[in-house]
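Here this note's numbering = 1-based position in the sequence shown + 241.
Quick reminder that beta carbons are idealized off the backbone N, C-alpha and C, glycines included.
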Amino acid sequence: MPAHLRPTSVPVPAKRLPSRRAVLALPSVLAGLSPIAGRAQDGASRPITLVVPFPAGSVTDNVTRAVAQQLQEILGQTVVVDNRPGAQGTLAAAHVARSQPDGQTLLMGSSVMFVARSLIRNLPYDPVESFTPVSGIGSTSMMFMVPAASPLMSLADLSARARRTDAPLNVGFGSPTGQVVLALFATASGTQPTGVSYRGIPQAMSDLVGGHIEVAIVDLGTGIGQARAGRARPLAVSAAVRSPLAPEVPTLQEGFATAEMSLETIIAVLGPARMPAPVVARLDEAIRTALARTALQERFAALSTAVLPLSSGALDTRIRSDNARWEAMIREAGIQPE
């Protein structure tokens, strides 16, 4: 396995072993700890694994590592990040769905993974019923990017280029969300661009900068980072309103006012189905404690990802509402399961 895909852990600093007196005094010390720390002994002998469905360097990977570091401090146990990219994120999801529902193996999922049955035939799990919602983490949108030297300067230019019949417009994407956004664009513009699927967004971005594709659909954080570095330019975002991080970039909705074009994806922690309620509650509380920390909020801002602290119950409601909306948009866009 390549080094960059191996599971990695956030190390816990070594501590000096306590004296016998300190050990004897431990029960009275624990009595004053927070409920999260007080329950840390439940399953703390084993590490928690956060399974990421995308490769290292993706926004989900970076968000996960930032959350893992905070969770390790809050829970007092090792948190491992395990990258399992491939098959539009469904390899990682299937792995977690098959895992024991003990809270030790968790998925960093996204909105579109909950509607995977509309995209992939013979899915080995149910995108909703096979998982236990644990906690919401963040949200982001997608960006249409072109190389810095591209002659395409607007959505109108992009639509005109897609209508050319002498050469197909190759558009790369590295996530299911990108596939859906491309289909929405194709339907609204009446064009048929050629979609090029990558294992992850970093690979799609690399081919865009290298001149192998004309357009890439990437997450907001990746797009803004590449734009600031001068390697690529954004043409549009899929959010309902312009991003305050890139207010000069129009939304897809502005270019296609009569179509349903706004699309954002949430990043959330899920476990296998039938996780015990106390385990879910402990993890949910720890995650929302982490999201309230200034250090993590600043890291999310640097990744152009909005903090979205949803409780387990609120996340369940959001997943089910997003599921209905996304599946309707997928049908409208004419996407067929592959």
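Please classify P519 as buried or exposed, where buried requires at least 16 neighbouring CB atoms within 10 angstroms. Position 278 of the sequence shown, counting from 1, holds the residue named residue 519. Its Cβ having fewer than 16 others within 10 Å, P519 is exposed.
Just checking my contact of Q576 with G377 at CB under 8 Å: how many whole Å lie between their CB atoms? Against the sequence shown, residue 576 aligns to sequence position 335. Against the sequence shown, residue 377 aligns to sequence position 136. The residue you asked about is not Gln; residue 576 is Ile in the sequence shown. Between the beta-carbon of I576 and that of G377 there is about 26 Å, and that puts the pair past the 8 Å contact cut.
When every heavy atom of the ligand MG is checked, does at least one fall within less than 7 Å of the C-beta of R472? As presented, the structure is devoid of all ligands, the ligand MG included, so that no description of it is given.
Write down the C-beta distance between G330 and P294 rounded to the nearest angstrom, noting that I regard them as a contact closer than 8 Å. In the sequence shown, residue 330 corresponds to position 89, counting from 1. In the sequence shown, residue 294 corresponds to position 53, counting from 1. Correct: roughly 3 Å between the Cβ atoms.
Using the C-alpha atoms, what's the distance from H453 back to R440? To locate residue 440, count along the sequence shown from 1; it is residue 199. To locate residue 453, count along the sequence shown from 1; it is residue 212. The straight-line gap from Cα to Cα measures roughly 16 Å.
Kindly identify the DSSP beta-bridge partner or partners of T463. Numbered from 1 along the sequence shown, position 222 holds the residue referred to as residue 463. None; T463 has no bridge partner.
T490, DSSP secondary structure in three states: Translated into positions along the sequence shown, residue 490 becomes position 249. Position check: residue 490 holds Val in this sequence, whereas Thr was assumed. V490: coil per DSSP, three-state reduction.
What separation, rounded to the nearest whole angstrom, lies between the Cα atoms of N564 and A390? Counting from 1 along the sequence shown, the entry for residue 564 is found at position 323. Counting from 1 along the sequence shown, the entry for residue 390 is found at position 149. Going by the C-alpha atoms only, they are around 38 Å apart.
Check whether the region 442–459 and the region 404–414 are in contact - that is, three or more C-beta pairs closer than 8 Å. Under the Cβ criterion (8 Å, minimum of three pairs), the region 442–459 counts as touching the region 404–414.
Assuming the contact rule is C-beta atoms closer than 8 Å, F385 and L364 should be a hit. Round their C-beta distance to whole Å, please. For this step, residue 385 is matched to residue 144 along the sequence shown. For this step, residue 364 is matched to residue 123 along the sequence shown. With 8 Å as the limit, F385 and L364 do not qualify as a contact, their Cβ atoms being about 28 Å apart.
Measuring straight from C-alpha to C-alpha, what distance separates Q538 and I560? On the sequence shown, position 297 is the one that residue 538 refers to. On the sequence shown, position 319 is the one that residue 560 refers to. So the two alpha carbons sit approximately 23 Å from each other.
Between Q311, A487, V482, which has its C-alpha nearest L493's C-alpha? The count along the sequence shown starts at 1 and reaches residue 493 at position 252. Ranking the options by Cα distance to L493, first place goes to V482.
Could you give the C-beta distance for L504 and S479, rounded to a whole number, given that I count them as a contact under 8 Å? Position 263 of the sequence shown, counting from 1, holds the residue named residue 504. Position 238 of the sequence shown, counting from 1, holds the residue named residue 479. Confirmed, Cβ separation roughly 4 Å.
I want to know whether the region 465–473 touches the region 311–319 - three or more CB-CB distances under 8 Å. When Cβ pairs closer than 8 Å are counted between the two stretches, the region 465–473 is seen not to touch the region 311–319, the count staying below three.
For the structure I just gave you, are there three or more beta carbon pairs, one from the region 324–340 and one from the region 538–548, closer than 8 Å? No: fewer than three Cβ pairs fall under 8 Å.
Pop quiz: L449 and P388 are said to be a contact at Cβ under 8 Å. What is the actual Cβ separation, rounded to whole angstroms? Here residue 449 refers to the residue found at position 208 of the sequence shown. Here residue 388 refers to the residue found at position 147 of the sequence shown. Between P388 and L449 the Cβ distance is about 6 Å, and since that is below 8 Å, they are a contact.
Using a 10 Å radius around the Cβ and a threshold of 16 neighbouring Cβ atoms, would you call F426 buried or exposed? On the sequence shown, residue 426 is found 185 positions in, with the first residue counted as 1. F426 comes out buried.
Classify G419 as helix, strand or coil using the three-state DSSP reduction. Your numbering for residue 419 matches position 178 in the sequence shown. Note: G419 maps to helix in three-state DSSP.
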